[in-house]
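These notes are about the structure you will find just below.
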Amino acid sequence: MIQKLRRQFILVAMCSTLAVLTVIIGTMNIIYYRNIIRNADALLLMLGENDGRFPDHTHTSKKQILIGIEQLNEKGSRVEINPETPFETRYFSVCFTKEKEVETVDTGKITAVLTKDAIEYAKQVLMTGKTSGFCKEYRYLLVYSDEKPTVIFVDMGRELKSFRTILYTSVGVSFFGVLTVFLLVLFFSKKVFIPVEESYSKQKQFITDASHELKTPLTIISANVEVLEMESEENDWTISIKKQVQRMVSLVEQMVSLSRMDEEKVVLQKRDFSLSFVMEEICESFAPLAAAKKIEFIKELAPDVMYYGDEKMIRQMISALLDNSMKYGKEEGTVSVSLFRKGKRAEIILWNSVEDIKKGNLDILFERFYRLDESRNSNQGGSGIGLSIVKSIVDAHKGKISAHSTDGKSIKFHILLS
Numbered sequence: 339m340i341q342k343l344r345r346q347f348i349l350v351a352m353c354s355t356l357a358v359l360t361v362i363i364g365t366m367n368i369i370y371y372r373n374i375i376r377n378a379d380a381l382l383l384m385l386g387e388n389d390g391r392f393p394d395h396t397h398t399s400k401k402q403i404l405i406g407i408e409q410l411n412e413k414g415s416r417v418e419i420n421p422e423t424p425f426e427t428r429y430f431s432v433c434f435t436k437e438k439e440v441e442t443v444d445t446g447k448i449t450a451v452l453t454k455d456a457i458e459y460a461k462q463v464l465m466t467g468k469t470s471g472f473c474k475e476y477r478y479l480l481v482y483s484d485e486k487p488t489v490i491f492v493d494m495g496r497e498l499k500s501f502r503t504i505l506y507t508s509v510g511v512s513f514f515g516v517l518t519v520f521l522l523v524l525f526f527s528k529k530v531f532i533p534v535e536e537s538y539s540k541q542k543q544f545i546t547d548a549s550h551e552l553k554t555p556l557t558i559i560s561a562n563v564e565v566l567e568m569e570s571e572e573n574d575w576t577i578s579i580k581k582q583v584q585r586m587v588s589l590v591e592q593m594v595s596l597s598r599m600d601e602e603k604v605v606l607q608k609r610d611f612s613l614s615f616v617m618e619e620i621c622e623s624f625a626p627l628a629a630a631k632k633i634e635f636i637k638e639l640a641p642d643v644m645y646y647g648d649e650k651m652i653r654q655m656i657s658a659l660l661d662n663s664m665k666y667g668k669e670e671g672t673v674s675v676s677l678f679r680k681g682k683r684a685e686i687i688l689w690n691s692v693e694d695i696k697k698g699n700l701d702i703l704f705e706r707f708y709r710l711d712e713s714r715n716s717n718q719g720g721s722g723i724g725l726s727i728v729k730s731i732v733d734a735h736k737g738k739i740s741a742h743s744t745d746g747k748s749i750k751f752h753i754l755l756s
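The following block contains the structure:
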């Protein structure tokens, strides 16, 4: 139990850390990427307004360039451009005629692109029909002048390389950060849960000791009642005492059983056995009780379903489920038991009608000492531990169990045994 709680704590801590880092790293890289795209688009807009060339920097001040870009940029973002920008920017352009024939090609500001490559890139852009985007590592803009299309490209290789470097570096640093946090949480969580583990161990030890201590007085009370009945006749008082003693003995045994099931080091006596035969045998033992309560008992058990597990515990689990259905089910109602093979798993479904129950998920029934109707269920002699033991047995076998009601007049227990 403590180890499971510790694993959940580590999982929550790591998920929270991973979520925060993902948001931070993702936001940083998205902002950086959008900035370099916005800067490239601003340059393309300036080139488009000046026939594929930068304004004459010898006659244009830095302030005038910035103002011009702000007017051209639809988002109004300021782009830092200085007189050196025309010499640092690598760009080329291809101008077409109205008939989409190549008219001029300008590759004077870039050496990595040949004229034929520039023409090929420009034709690809015309075929896409898009006005802006990427062609390889070149950001392009399609503009029209007198119905003549011109495609302007700006080399984004250095910027994209820087972006990838920052992206990979941030992801790598985040990975090692998450790994470091995991190791720290793994180390300190053990220390944090030491008081919890000690308290839990003391609680389990108290339950075990108290259960053993209770057995002696219960045995004595039972023996004294029998002596009283030998000296005098059996009466309502002695019958009531024996009934309550038996109930206490059953409760003590269940508490000890549940305490043992909570031990994660419990060793299951696993072996291959016929689950179909076991369930058929248990169902037959409950048939007389169902007949006495006028309950329609339906069985649908697939033959030859083999299972590898602790047969004794599985028998206890099925018996507890059937006992719960017979005890708290509707008088003259229906109890249905099904067994199927689902892949490598065994699927058990137990359905029974009830008088009135809450709709939806009812997994709360597996909580210890929980009762839906205290006044009604207390008359049945139950302790509220039976279904908790069922869940512990299912968990010990790495299975899953759930309880659900669709109409408020019935309840279905669904078990998948791995």
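For the sequence shown, our numbering begins at 339 and goes up steadily by one. Each residue gets a CB set at the ideal place from its N, CA and C atoms; glycine is no exception.
Using alpha carbons as the reference points, say which of Glu426, Tyr482, Leu613 lies closest to Ala378. Numbered from 1 along the sequence shown, position 40 holds the residue referred to as residue 378. The shortest C-alpha separation from Ala378 is found at Glu426.
Can you tell me which of Asn662, Gly446, Lys680 puts its alpha carbon nearest to the alpha carbon of Ala640? Counting from 1 along the sequence shown, the entry for residue 640 is found at position 302. For Ala640, the nearest C-alpha among the options comes from Lys680.
Beta-carbon separation of Val643 and Leu660 under 9 Å? Locating residue 643 in the sequence shown gives position 305, counting from the first residue. Locating residue 660 in the sequence shown gives position 322, counting from the first residue. No, the Cβ-Cβ distance between Val643 and Leu660 is not below 9 Å.
According to the neighbour-count rule (16 or more other Cβ atoms, all chains shown, within 10 Å of its Cβ), is Pro626 buried or exposed? Taking the first residue of the sequence shown as position 1, residue 626 is located at position 288. Exposed.
Let's test the definition: count the other Cβ atoms within 10 Å of the Cβ of Glu497 and tell me whether it reaches 16, buried, or not, exposed. The residue given as residue 497 occupies position 159 in the sequence shown. Buried is the call here.
DSSP state of Thr445, grouped into three classes? For the purposes of this step, residue 445 is identified with residue 107 of the sequence shown, where counting begins at 1. DSSP places Thr445 in coil when its eight states are reduced to three.
Should Ile727 be labelled buried (16 or more other beta-carbon atoms within 10 Å of its own) or exposed? Walking along the sequence shown from the start, residue 727 turns up at place 389. Buried is the call here.
8 Å Cβ shell around Lys553 - same chain, five flanking residues per side excluded: As a position in the sequence shown, residue 553 is number 215, starting the count at 1. Hits under 8 Å: Val587, Val590.
Burial state of Lys447 (16 or more Cβ within 10 Å): For the purposes of this step, residue 447 is identified with residue 109 of the sequence shown, where counting begins at 1. For Lys447, the number of other beta carbons within 10 angstroms of its own is at least 16, and it is reported as buried.
So, Phe430 versus Phe491, is the Cβ gap smaller than 9 Å? Along the sequence shown, one-based indexing puts residue 430 at 92. Along the sequence shown, one-based indexing puts residue 491 at 153. Yes.
What is the residue span of the beta strand (DSSP E) that Gly471 lies within? For the purposes of this step, residue 471 is identified with residue 133 of the sequence shown, where counting begins at 1. First-last of the beta strand (DSSP E) with Gly471: 470-473.
Range covered by the alpha helix (DSSP H) that runs through Lys750: Working through the sequence shown from its first residue, we reach residue 750 at position 412. For Lys750, there is no enclosing alpha helix (DSSP H); the enclosing beta strand (DSSP E) has its first and last residue at 748-755.
Opposite Gly698 in the DSSP bridges: which residues? Position 360 of the sequence shown holds residue 698. Per DSSP, Ser743.
So the candidates are Phe635, Lys696, Lys608; which of them puts its Cα closest to the Cα of Arg653? What you label residue 653 is simply residue 315 of the sequence shown in a count that begins at 1. Selected option, being the one with the closest Cα: Lys608.
Short of 7 Å in beta carbon distance, which residues of its chain neighbour Leu524, apart from the five on each side in sequence? Order them along the chain. As a position in the sequence shown, residue 524 is number 186, starting the count at 1. Close CB contacts of Leu524 within its chain, under the 7 Å cut and outside five residues either way in sequence, are with Ile348 (chain order).
From Met617 to Ile656, what does the alpha carbon distance come to, in whole angstroms? The residue labelled residue 617 in the question sits at position 279 within the sequence shown. The residue labelled residue 656 in the question sits at position 318 within the sequence shown. Here the C-alpha atom of Met617 lies approximately 7 Å from the C-alpha atom of Ile656.
Quick check on this structure: which residue in Glu564, Lys747, Phe434 has the alpha carbon closest to the alpha carbon of Ile695? Against the sequence shown, residue 695 aligns to sequence position 357. Of the candidates Glu564, Lys747, Phe434, the one whose C-alpha sits nearest the C-alpha of Ile695 is Lys747.
Checking 9 Å against the spacing of the C-beta atoms, do Met664 and Phe611 come in under that value? In the sequence shown, residue 664 corresponds to position 326, counting from 1. In the sequence shown, residue 611 corresponds to position 273, counting from 1. Cβ atoms of Met664 and Phe611: not closer than 9 Å.
Assuming Lys438 and Leu464 make a contact with CB atoms under 8 Å, what is their CB distance in whole Å? Locating residue 438 in the sequence shown gives position 100, where the first residue counts as 1. Locating residue 464 in the sequence shown gives position 126, where the first residue counts as 1. With a contact defined as Cβ atoms closer than 8 Å, Lys438 and Leu464 qualify at about 6 Å.
With DSSP as the reference, label Glu387 as helix, strand or coil. The count along the sequence shown starts at 1 and reaches residue 387 at position 49. Shown here, Glu387 sits in a helix according to DSSP, grouped into three states.
Go through its chain and collect everything with a Cβ distance to Gly390's Cβ below 7 Å, but skip five positions before and after it. By one-based count along the sequence shown, residue 390 stands at place 52. If we look at Gly390 and ignore the five residues flanking it on each side, its Cβ neighbours are Ser431, Asp444, Thr488, Ile490.
Output the distance between the C-alpha atoms of Glu551 and Lys738, rounded to the nearest integer angstrom. Indexing the sequence shown from 1 puts residue 551 at position 213. Indexing the sequence shown from 1 puts residue 738 at position 400. Going by the C-alpha atoms only, they are around 35 Å apart.
Mapping the DSSP letters down to three states, classify Ala684 as helix, strand or coil. Reading the sequence shown from its first residue, position 346 is the one you call residue 684. It is a strand residue.
Buried or exposed: which applies to Pro424, given that a residue is buried once 16 or more other Cβ atoms fall within 10 Å of its Cβ? The residue you call residue 424 lines up with position 86 of the sequence shown. Pro424 comes out buried.
Given 8 Å as the limit, is there contact between the segment 512-520 and the segment 355-370, that is, 3 or more CB pairs closer than that? In this structure the segment 512-520 lies against the segment 355-370, because at least three pairs of beta carbons, one per stretch, are closer than 8 Å.
Is the Cβ-Cβ distance between Leu613 and Leu755 less than 9 Å? To locate residue 613, count along the sequence shown from 1; it is residue 275. To locate residue 755, count along the sequence shown from 1; it is residue 417. Yes, the pair counts as a contact, with Cβ atoms nearer than the cut-off.
Does the Cβ of Val350 have 16 or more other Cβ atoms within 10 Å, making it buried, or fewer, making it exposed? The residue given as residue 350 occupies position 12 in the sequence shown. Exposed is the call here.
Cutting at 6 Å between CB atoms, please list the residues of its own chain near Asn690, excluding the five before and the five after it. Position 352 of the sequence shown holds residue 690. The residues are Ser663, Gly667, Val673.
Span of the beta strand (DSSP E) holding Thr637? Numbered from 1 along the sequence shown, position 299 holds the residue referred to as residue 637. Going by the sequence as given, residue 637 is Lys instead of Thr. First-last of the beta strand (DSSP E) with Lys637: 634-639.
Could you tell me the alpha carbon to alpha carbon distance between Phe751 and Glu572, rounded to whole angstroms? Here residue 751 is taken as the residue at index 413 of the sequence shown, counted from 1. Here residue 572 is taken as the residue at index 234 of the sequence shown, counted from 1. Those two C-alpha atoms are separated by around 41 Å.
Determine the direct distance from the alpha carbon of Ser539 to that of Ala629, and round the result to whole angstroms. In the sequence shown, counting from the first residue as 1, residue 629 sits at position 291. In the sequence shown, counting from the first residue as 1, residue 539 sits at position 201. Take the alpha-carbon of Ala629 and the one of Ser539: they are about 44 Å apart.
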